[in-house]
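*Asks:*
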RNA sequence: GCGGAAGUGGCGGAAUUGGUAGACGCGCUGGACUAAGGAUCCAGUGGGAGUAACAUCCCGUGGGGGUUCGACUCCCCCCUUCCGCACCA
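Residue numbers (the numbering used here): 192 to 1089.
#1: Using the Cα positions of residue 958 and residue 686, report the straight-line distance between them to the nearest angstrom.
#2: Return the first residue and the last residue of the alpha helix (DSSP H) that residue 890 is part of.
#3: Do three or more CB pairs link the region 930-945 to the region 1014-1026 at distances below 8 Å?
#4: What is the DSSP secondary structure of residue 981, counted as helix, strand or coil?
#5: Under 8 Å: do the region 571-583 and the region 478-489 share three or more Cβ pairs, one atom per stretch?
#6: In chain order, what residues of the same chain lie with their CB nearer than 8 Å to the CB of residue 299, ignoring the 5 residues before and after it?
#7: Suppose you measure from the CA of residue 333 to the CA of residue 270; what does that come to, to the nearest Å?
#8: Determine the extent of the beta strand (DSSP E) in which residue 384 is found, giving its start and end residues.
#9: Along the alpha helix (DSSP H) that carries residue 341, what are the first and last residues, could you check?
#10: On a CA-only basis, which of 382, 419, 775, 1048 is nearest residue 374? Give me that one, please.
#11: Please classify residue 655: does DSSP put it in a helix, a strand, or coil?
#12: Quick check on residue 1074: does DSSP put it in helix, strand or coil?
#13: If I'm right that residue 885 touches residue 342 with Cβ under 8 Å, what's the distance once you round it to whole angstroms?
#14: Output yes or no for whether 8 Å exceeds the beta carbon distance between residue 289 and residue 912.
#15: Using only alpha-carbon positions, find the residue among 427, 857, 764 that is nearest to residue 643.
#16: At which residues does the alpha helix (DSSP H) containing residue 918 begin and terminate?
#17: Measuring CB to CB, does residue 732 end up less than 8 Å from residue 962?
#18: Express the C-alpha separation of residue 286 and residue 847 in angstroms, rounding to a whole number.
#19: Going by C-alpha to C-alpha distance, which of 1074, 603, 324, 777 sits closest to residue 620?
#20: Among 807, 511, 935, which one has its Cα closest to the Cα of residue 863?
#21: Whole angstroms are fine: how far does the CA of residue 465 sit from the CA of residue 587?
#22: In this structure, does DSSP put residue 957 in helix, strand or coil?
#23: Nearest-angstrom Cα distance between residue 447 and residue 513?
#24: Anyone know if the C-beta pair for residue 556 and residue 511 falls short of 8 Å?
#25: Taking residue 897 as the reference, give the member of 803, 918, 872 with the closest Cα.
#26: What residues are listed by DSSP as bridge partners for residue 712?
#27: So within the region 246-330, which uninterrupted alpha helix (DSSP H) runs reach at least 4 residues, ignoring any that extend past its ends?
#28: Measure the C-alpha to C-alpha separation of residue 594 and residue 609 and round it to an integer number of angstroms.
#29: How is the alpha helix (DSSP H) around residue 802 delimited, first residue to last?
#30: Could you check how far apart the C-beta atoms of residue 493 and residue 566 are, in whole angstroms? I think they sit under 8 Å.
#31: Any idea if residue 222 is buried or exposed, counting beta-carbon neighbours within 10 angstroms, 16 or more meaning buried?
#32: Could you give the first and the last residue of the continuous beta strand (DSSP E) run that contains residue 1044?
#33: Which of the three DSSP states, helix, strand or coil, is assigned to residue 1086?
#34: Taking all protein chains shown into account, do 16 or more other C-beta atoms lie within 10 angstroms of the C-beta of residue 794, making it buried, or fewer, making it exposed?
#35: Secondary structure at residue 221, three-state DSSP: helix, strand or coil?
#36: Under DSSP, the alpha helix (DSSP H) around residue 900 begins and ends at which residues?
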């Protein structure tokens, strides 16, 4: 028996102070305290084991190993000032269980953690307080790290990385140079999402409903000089390689939608020179329905389309100009949602339909997007609802070219036979498509084409707190010159002001001595790039750096990469389903092409942990200040307000407003500061210990599912740990561990069944049912007076990944050498799973009429004999003819009677 | 509107190559131990009928049809909820 462990586990310490603060009666307090401390008290041993793992390097990973490798990764956090929330804990616990489990199963496990520490919040805090983002970041990282350690996660902290560390972003810059060398990075003057409040541009993905994803500020379109990455060049591979990875379907589907590949044709329409005063021009459109070409009755150019300037006639110029200006002022939001009526203006020009020579009017309308396809369309109102709406509004002809619908009522977008289409008449849609494409190609006026929703990645931000671009702009000839590799990292200079210049340039532009430099090739005067990279950059490749964090020759050693990649399991929030995962896949493929890595895809398996919801307490306030309870729900003249959870006044089971006589309504919703329904992991750890928090989050339900937090639920798992604790440690418990206790067959069978189920469930990430199985087993132990150590030790070993501190403590208490984290996973014996007999369900006409015990190897005849000896069964068979007997050994016996 | 996922006790959830629905936990009810219990232990807990009690029977996995000896599980139609995309030609 390890005495040091015992000593920590028993009386002593300063726990009284906490209870003092709770202002309980003195006598009550003493009794409770005394009793509590001889019981299960995680605070007494959790920190001890955390130090033990640290000191012994229990979870250090050997990069070079002969054992099979397993790489399990969390989406590393942005270290915000708010600290860790229960959603982090959910994902991190899941991976921690897997890491510890795989280690016990003989794998060399890589399970690292780091910080995605560039980003807006630290910079905005700097704007407000003048604190350097580096300081804010360091402080927040400290808090996060302490929180993670307090939860006992088995990270190899020697591999900790931070994206803001120059030794790290040196390689982010290096990868950028690879992109540049491969012609995948370029500068363009593009209309961007400019957010005046944040003083920066945002990527399309960072704009939601016309507002910034972070902070909800207004976003407008503005043309600016920007860095772009040619992710579109990889669109096909990003789409096709989804087939070779094991991701949840919804996630793949979101990526497919985002890439948005569609097959169709590009068709050239000549502008009729007569309508434009002799100007010759060509309008190229993309369409997925070339079969409807004969039904095109007008064309539309996006307002931004450059041809608008050329073809608009003098008579229409004023109107077109006004329309374009209005469209430019509108945000994307206004161009879509707020607009029922489709607006547009006629340019005065006509185009010629190549199939029949017909002249059709060319309009400008903002329902056509400049960024998709060619920015121009042929409009077929008979067979496209959007065009139909527009044609109706502007009195344009609607022509039927596919039969089967009623185009007077709505556009017919489905299948049918071609009509009014010359040589296509009579064909179904599919065949017509093939035939018209062939015809277009023969005539040289069109070809088969593929279009994508995916656009090139807007890769620069006008911020200070990001990776500087490793390039200079030579003044002489405006050439963009990359820095040579040996000059990396290009570090961020110190600045006085974090304020963006307001014109769109970053604060870096104000640091003369940094900006003014010379060209590394010619020595001529040059300016540094003052944009910085977006936050996604650092997270695009961090999983590689964990494999080889101290390498100063390369981002990652090629052989080590080969040994560890791809990541076997990657767990994180669904909010990164598109952006981060798509960008990281893109960079990985570029690195693959550049020979830096050996794998085509970085993440073999991805799992999104479900959101944890909180309960808030709502009431409703009318315009004149009257407060209503749930009777206000759904009324349009009221505003929903929330009472902070801590301020709810409980009248028994009823939540009441603290000041008014109003009954509150519990609402289960996403946790947010403003709702006052955020559960702080630190509080739970303090009250119940880290193991109970871990266990509860895993017991709540399936990992991927959205689940409501039940504050009483933690109690249940805490009770379970406490029960197991008492079996081992409490002499007054109704059951104790005793060397001489009988390890009977029944108990042994229970144990082996438990091992089988926990093993299988853990492997499949079904932690909730694994925990349930362990609970059942512990309940079974409780039915006895005493149990032998060999009946308890395996369950302690299986508990270790889930509740590691408690498991370590019990393992030592059972007289074993530390640490249980170094022990192999228990095995089970197939032969010990089954009894000699089993309970067979007997049905008559499919209804359960009784159960009987039959021998394991009973055949149908034997089973029927036993079943018919059962009164209840026999009663239902009485006087009826047995027409058929269905016997599935081990499962069911069913009599079909006449 | 389109796409994806899902509807099971008072609550979170178990159980699907079709085979005893409701494991495990919360909550609740009763009892034990107590000066006390928000500790612990024991028992019970889907709904209904029935019995002195035990039996026993009927209904039941969002709704309606179907396949089958047998359906939470498979097929068709409908309803609801959540998530994502949203004028992508």
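By construction, the Cβ of each residue, glycine as well, lies at the ideal position given by its N, Cα and C atoms.
*Replies:* Per the coordinate set shown:
#1: Translated into positions along the first chain, residue 958 becomes position 767. Translated into positions along the first chain, residue 686 becomes position 495. Rounded to whole angstroms, residue 958 to residue 686 spans 49 Å at the Cα level.
#2: By 1-based counting over the first chain, the position of residue 890 is 699. Segment 881-890, the alpha helix (DSSP H) holding residue 890.
#3: yes
#4: Here residue 981 refers to the residue found at position 790 when the first chain is read from its first residue. Residue 981: helix per DSSP, three-state reduction.
#5: yes
#6: For this step, residue 299 is matched to residue 108 along the first chain. Counting only Cβ-Cβ distances below 8 Å, and skipping sequence neighbours, we find 252, 253, 256, 258, 259, 260, 261.
#7: Numbered from its first residue, the first chain carries residue 333 at position 142. Numbered from its first residue, the first chain carries residue 270 at position 79. Computed Cα separation, rounded: 9 Å.
#8: By one-based count along the first chain, residue 384 stands at place 193. Element bounds for residue 384: 376-386.
#9: Taking the first chain and counting its residues from 1, one reaches residue 341 at position 150. Residues 324-341.
#10: Translated into positions along the first chain, residue 374 becomes position 183. Ranking 382, 419, 775, 1048 by Cα distance to residue 374 puts 419 first.
#11: On the first chain, residue 655 is found 464 positions in, with the first residue counted as 1. In this structure, residue 655 counts as coil in the three-state DSSP scheme.
#12: Position 883 of the first chain, counted from the first residue, corresponds to residue 1074. Three-state result, residue 1074: strand.
#13: Stepping through the first chain from its first residue, residue 885 is reached at position 694. Stepping through the first chain from its first residue, residue 342 is reached at position 151. Yes, residue 885 and residue 342 are in contact; Cβ-Cβ is about 7 Å, under 8 Å.
#14: To locate residue 289, count along the first chain from 1; it is residue 98. To locate residue 912, count along the first chain from 1; it is residue 721. Not a contact, by the Cβ cut-off of 8 Å.
#15: Within the first chain, the letter at position 452 stands for residue 643. Answer by Cα proximity: 427.
#16: Locating residue 918 in the first chain gives position 727, where the first residue counts as 1. First-last of the alpha helix (DSSP H) with residue 918: 904-920.
#17: In the first chain, residue 732 corresponds to position 541, counting from 1. In the first chain, residue 962 corresponds to position 771, counting from 1. No.
#18: Position 656 of the first chain, counting from 1, holds the residue named residue 847. Position 95 of the first chain, counting from 1, holds the residue named residue 286. Cα to Cα, the separation comes out at about 40 Å.
#19: As a first step, residue 620 must be located in the first chain, where it is residue number 429. Answer by Cα proximity: 603.
#20: Along the first chain, read from residue 1 onward, the residue named residue 863 stands at position 672. Here the closest residue by C-alpha is 807.
#21: To locate residue 587, count along the first chain from 1; it is residue 396. To locate residue 465, count along the first chain from 1; it is residue 274. Residue 587 and residue 465: Cα-Cα distance of roughly 21 Å.
#22: Position 766 of the first chain, counting from 1, holds the residue named residue 957. Here residue 957 sits in coil by DSSP.
#23: On the first chain, residue 447 is found 256 positions in, with the first residue counted as 1. On the first chain, residue 513 is found 322 positions in, with the first residue counted as 1. Using only the alpha carbons, I get a separation of about 38 Å.
#24: The residue given as residue 556 occupies position 365 in the first chain. The residue given as residue 511 occupies position 320 in the first chain. No, these two residues do not count as a Cβ contact at 8 Å.
#25: Within the first chain, numbered from 1, the residue matching residue 897 stands at position 706. Among 803, 918, 872, the Cα nearest to that of residue 897 belongs to 803.
#26: For the purposes of this step, residue 712 is identified with residue 521 of the first chain, where counting begins at 1. Answer by DSSP bridge pairing: none, since residue 712 is not bridged.
#27: 277-295, 311-320
#28: Position 403 of the first chain, counted from the start, is the residue given in the question as residue 594. Position 418 of the first chain, counted from the start, is the residue given in the question as residue 609. Spanning the two alpha carbons is a distance of roughly 6 Å.
#29: To locate residue 802, count along the first chain from 1; it is residue 611. No alpha helix (DSSP H) contains residue 802, which DSSP labels as neither H nor E.
#30: Walking along the first chain from the start, residue 493 turns up at place 302. Walking along the first chain from the start, residue 566 turns up at place 375. Contact flag correct, Cβ pair sits at about 4 Å.
#31: Reading the first chain from its first residue, position 31 is the one you call residue 222. With a pLDDT of 33 at residue 222, under the threshold of 50, the predicted position of this residue should be treated as unreliable, though the coordinate-derived value follows. Flag for residue 222 reads exposed.
#32: On the first chain, residue 1044 is found 853 positions in, with the first residue counted as 1. Here the beta strand (DSSP E) through residue 1044 covers 1038-1046.
#33: Walking along the first chain from the start, residue 1086 turns up at place 895. Reduced to three states, the DSSP call for residue 1086 is strand.
#34: In the first chain, the residue the question calls residue 794 occupies position 603. Answer is buried; the Cβ neighbour count reaches 16.
#35: Here residue 221 is taken as the residue at index 30 of the first chain, counted from 1. The predicted model places residue 221 with a pLDDT of 33, which falls under 50 and marks its position as unreliable; any figure quoted below should be read in that light. In the structure shown, residue 221 sits in a helix (DSSP, three-state: H, G or I).
#36: Residue 900 sits at position 709 when you count from the first residue of the first chain. Segment: none, residue 900 is in no alpha helix (DSSP H) and carries neither H nor E.
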